[in-house]
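Notes follow the structure.
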Amino acid sequence: MQIQVLFFGVLAEVTMTGSRHYPDVRSFDDLRLRVEDDFPEIVHYNYRIAVNNEIINEEPVLQDGDEIAFMPPFTGG
Amino acid sequence: MVNDFLTEGPVSPDIISTELSKLGTMKDSGAHSIFLGQVRADPSGVRRVKAIEYSAYGSMVAAESEKIINAIRSEFDDVRSVRIIHSAGIVMAGEISLFVLVSAGHRQQAMEACTKTVNLIKKSLPVWKKEIFEDNSHEWKQDNYA
Numbered sequence: 001m002q003i004q005v006l007f008f009g010v011l012a013e014v015t016m017t018g019s020r021h022y023p024d025v026r027s028f029d030d031l032r033l034r035v036e037d038d039f040p041e042i043v044h045y046n047y048r049i050a051v052n053n054e055i056i057n058e059e060p061v062l063q064d065g066d067e068i069a070f071m072p073p074f075t076g077g
Numbered sequence: 078m079v080n081d082f083l084t085e086g087p088v089s090p091d092i093i094s095t096e097l098s099k100l101g102t103m104k105d106s107g108a109h110s111i112f113l114g115q116v117r118a119d120p121s122g123v124r125r126v127k128a129i130e131y132s133a134y135g136s137m138v139a140a141e142s143e144k145i146i147n148a149i150r151s152e153f154d155d156v157r158s159v160r161i162i163h164s165a166g167i168v169m170a171g172e173i174s175l176f177v178l179v180s181a182g183h184r185q186q187a188m189e190a191c192t193k194t195v196n197l198i199k200k201s202l203p204v205w206k207k208e209i210f211e212d213n214s215h216e217w218k219q220d221n222y223a
């Protein structure tokens, strides 16, 4: 699966990227391990995951073309 | 505007004026409650905030704003419309970064719904604040209790 990963807030700063494309993703767990391998510092931060603009509370089943956002706690408003 | 709910930089007096100019068309409303969120020059030790840089997940801001508006209109049956505009990018201390306008038939629901809308925005909108200090150092805001 082709998956687009987005980083926001402090995670965009520590990863020094706002987004990265991941080809050949097998599952969410596979994606998470690859992201942590590429950006080991993110394990030190609290974040939630959104899949296609929806926050998920359990491991999602990914589909080709999904957009996955790594989001620290919101501080807007 | 970045999208219907996000504007680049501060919510300017011109944007606010444009939104207020639409009120005359809403002849079934008798009350409008407005919230303006402003960037404060907060102290942090010896430093003081000179600006906030807002980053946002634009498409999700739009989706969540629609959800907030639908939730408010479901809960408050006298509310006629809800308008949300949040800043993205740099907003200087003293400038406006959030505009909420709730129109209702009567004042009680206008004011209550406006308060609830602001609280839902702080809880649900994917926006992040980076405080920029007078010495140009910066710090990411950790929580949303202000």
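Chains as they are written, first to last, in my numbering: chain A, 1 to 77; chain B, 78 to 223. We treat Cβ as the ideally placed atom computed from N, Cα and C, and that holds for glycine.
query                                                                                                                     : result
Under the three-state DSSP convention, the category K218 (chain B) falls into                                             : coil
Proximity of M16 (chain A) and Y47 (chain A) at Cβ, strictly below 8 Å                                                    : no
Three-state class that DSSP yields for T84 (chain B) in the structure shown                                               : strand
Bridge partner(s) assigned by DSSP for Y20 (chain A)                                                                      : Checking the displayed sequence, the identity of residue 20 (chain A) turns out to be Arg instead of Tyr. R20 (chain A) pairs with A:V5.
Interface residues of chain A facing P203 (chain B) [CB-CB closer than 8 Å]                                               : F8, A50, A69, M71, F74 and G76
Inter-residue spacing [alpha-carbon to alpha-carbon] between A170 (chain B) and A128 (chain B)                            : 5 Å
Buried versus exposed, by CB contacts within 10 Å (16 or more), E211 (chain B)                                            : exposed
Where the beta strand (DSSP E) containing G114 (chain B) begins and where it ends                                         : A108 to Q115
Cβ pair I56 (chain A), I49 (chain A) closer than 8 Å                                                                      : yes
Residues that A140 (chain B) contacts on chain A, provided the C-beta gap is smaller than 7 Å                             : N53
Closer than 7 Å at the beta carbon, the chain A residues around G114 (chain B)                                            : G77
4-residue-minimum alpha helix (DSSP H) runs that sit fully inside the stretch 151–222 of chain B, ordered along the chain : 184–201
Best match in B:H183, B:R124, B:S164 and B:S136 for proximity to K104 (chain B) [C-alpha to C-alpha]                      : B:H183
Three-pair Cβ contact test at 8 Å for the stretch 61–70 of chain A versus the stretch 95–103 of chain B                   : no
Segment limits, alpha helix (DSSP H) that includes A12 (chain A)                                                          : V10 to T15
DSSP-derived helix/strand/coil call for A118 (chain B)                                                                    : coil
Burial state of L33 (chain A), where buried means 16 or more other Cβ atoms lie within 10 Å                               : exposed
E36 (chain A): first and last residue of the uninterrupted alpha helix (DSSP H) it sits in                                : F28 to D38
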